[in-house]
Structure formats: C-alpha cells, structure tokens
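Going line by line, the protein sequences match chains S and H.
For the first sequence, this note's numbering puts the final residue at 74, and the numbers step up evenly by one.
For the second sequence, this note's numbering puts the final residue at 174, and the numbers step up evenly by one.
Where a beta carbon is used, it is the ideal one built from N, C-alpha and C, also for glycine.
Source: prediction; values computed, not measured.
Take a look at the structure below.
2 protein chains.
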Amino acid sequence: MTGMHDIKIDNSLKLARVEKSLTQSGLAELAGVTRQTIGLIEAGKYNPTLKLCLILGLILDKSLEELFRIKEDE
Amino acid sequence: MTGMHDIKIDNSLKLARVEKSLTQSGLAELAGVTRQTIGLIEAGKYNPTLKLCLILGLILDKSLEELFRIKEDE
DNA sequence: GCATAATGTCAAATATATATTCCATTGACA
DNA sequence: TGTCAATGGAATATATATTTGACATTATGC
C-alpha cells in the first residue's frame, strides 16, 4: 500500500450500529466476526475486507458509500 | 468469515479498467499494488481490502457500488 | 455501593491479502 | 514467422486482518 494514493478512511459504523440498537458483540455475532474486529474497525484501526464491509452494510441497511468514505483532510 | 452471511462478490473492475484504456499493470502501478493483485481481484479470486477498493474507485472514477456488488445467485 | 453489560486494549496465534518471482499462453503487429 | 505486450497461473514469502483469551475501564441498573 505504497504509492501516491495514501488514503485514510472514515466510517459511520458506530452511528449506524447504535441506530439499530446493536451492541458491538451483537453486530459481531450477526456478521460472523469477533467483537474485537468490530471495535477496531469502528476505531479506524484497521482496514476491513470488502466482503465484511458488504456484510455489515447488509446488516445495518446501509450502502458502502454511507458507511465508509475517504477522509477529507491530509 | 463463517455465519449465515456467506456472500459472493461480483465486480466490474475489468470493464471499468478497459474503459479507461488501462492495462492491469498500468492500473496496478497507479494503485500501488502488483499486477497479480489486480488480476486476481478481477477474476474474483480474492477479497480486496476496503482501502484498495476505494483507491481503485478513485482511479477508475467509479463508486464502490458501481465497482462491487453482492452476487445475486447462490 | 455492587453487579453486570459494553467497550477498550493487549499479546499471541491463525487466516488470508498482497508481494515476488517465474513460466505459459494469447493476441497484436512488424 | 517471430517478437513483444498483456494476461493467467503457480509457489513461496511477507504483511496484516481476524481470532482467541484475558484483563481493565466505563457505563448503567439494582
């Protein structure tokens, strides 16, 4: 992941999750991942897989665009 | 990646790439990854990272929704 | 106050995305 | 025909996403 395109990602996972009254553990269980994975993604501490993002969007009823965007600073 | 949400992903990366008259190598170089990575993603043989998907969308001028979708069969 | 749920975090292990290198195939084109 | 660019594919190595398990902290309800 070198090159001129070094990008930071912003997400509204936490917001979408609490809107659905889901806990990190609850969402994790629905998505088939661990609580830690959800927590770290929410915290922006890692870079999830496309498949997982699509699953989360499915569960939270949001598009990828709504959940994840390129962070607009530098 | 267990659980009830087992999803297959469809992509139009190849189409978007040739529309831009880019070769796999050219796109790879722009994205800062290897040609093989692009080839394997186009072939649906692996599950890219969100960050890489966003970079590819940036380069190819497409949204994530346009590039990647859940495959509608089973 | 105490219990318990929800979250943060850390270390070690595992799975898998990505890199690297190499060889084979195909198609364009001189 | 022969060369070369573009792609497909495989094997091994590395980076990192994800798991597992454990402990600490911060709510929140009783």
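Residue environment, residue 44 (chain S), which counts as buried when at least 16 other CB atoms sit within 10 Å: Within the first sequence, residue 44 (chain S) is the residue found at index 44, counting from 1. Here residue 44 (chain S) is exposed. Its C-beta has fewer than 16 other C-beta atoms within 10 Å.
Exposure of residue 51 (chain S), with buried meaning 16 or more beta-carbon neighbours within 10 Å: As a working note, residue 51 (chain S) is residue 51 in the first sequence. With 16 or more other Cβ atoms from the protein chains shown falling within 10 Å of its own Cβ, residue 51 (chain S) counts as buried.
Residue 46 (chain S) and residue 54 (chain S) closer than 7 Å at C-beta: On the first sequence, position 46 is the one that residue 46 (chain S) refers to. On the first sequence, position 54 is the one that residue 54 (chain S) refers to. In this structure, residue 46 (chain S) sits away from residue 54 (chain S), with a CB-CB distance that is not shorter than 7 Å.
Chain H residues whose Cβ lies nearer than 8 Å to that of residue 38 (chain S): Position 38 of the first sequence, counted from the first residue, corresponds to residue 38 (chain S). What residue 38 (chain S) touches in chain H: nothing, since even the nearest Cβ is about 13 Å away.
Helix, strand or coil at residue 37 (chain S) [DSSP, three-state]: Counting from one through the first sequence, the residue named residue 37 (chain S) turns up at place 37. Of the three classes helix, strand and coil, the one that applies to residue 37 (chain S) here is helix, per DSSP.
Residues near residue 117 (chain H) by beta carbon distance below 7 Å, same chain, minus five either side: Taking the first residue of the second sequence as position 1, residue 117 (chain H) is located at position 17. For residue 117 (chain H), where only same-chain residues beyond five positions count, the Cβ hits under 7 Å are 127, 160.
Near-chain S residues of the region 115-136 of chain H - C-beta to any C-beta below 7 Å: Within the region 115-136 of chain H, the residues whose Cβ lies closer than 7 Å to some Cβ of chain S are 131, 132, listed in chain order.
Local conformation of residue 7 (chain S) per DSSP, three classes: For the purposes of this step, residue 7 (chain S) is taken as the residue at position 7 of the first sequence. DSSP places residue 7 (chain S) in coil when its eight states are reduced to three.
Cross-strand partners of residue 159 (chain H) (DSSP beta bridge): Position 59 of the second sequence, counted from the start, is the residue given in the question as residue 159 (chain H). Answer is none; residue 159 (chain H) lacks a bridge partner.
Start-to-end residues for the alpha helix (DSSP H) that takes in residue 126 (chain H): Locating residue 126 (chain H) in the second sequence gives position 26, counting from the first residue. Note, residue 126 (chain H): alpha helix (DSSP H), 124-131.
Closest Cα partner of residue 6 (chain S) within the set H:132, H:111, H:166: Your numbering for residue 6 (chain S) matches position 6 in the first sequence. Closest by alpha carbon: H:132.
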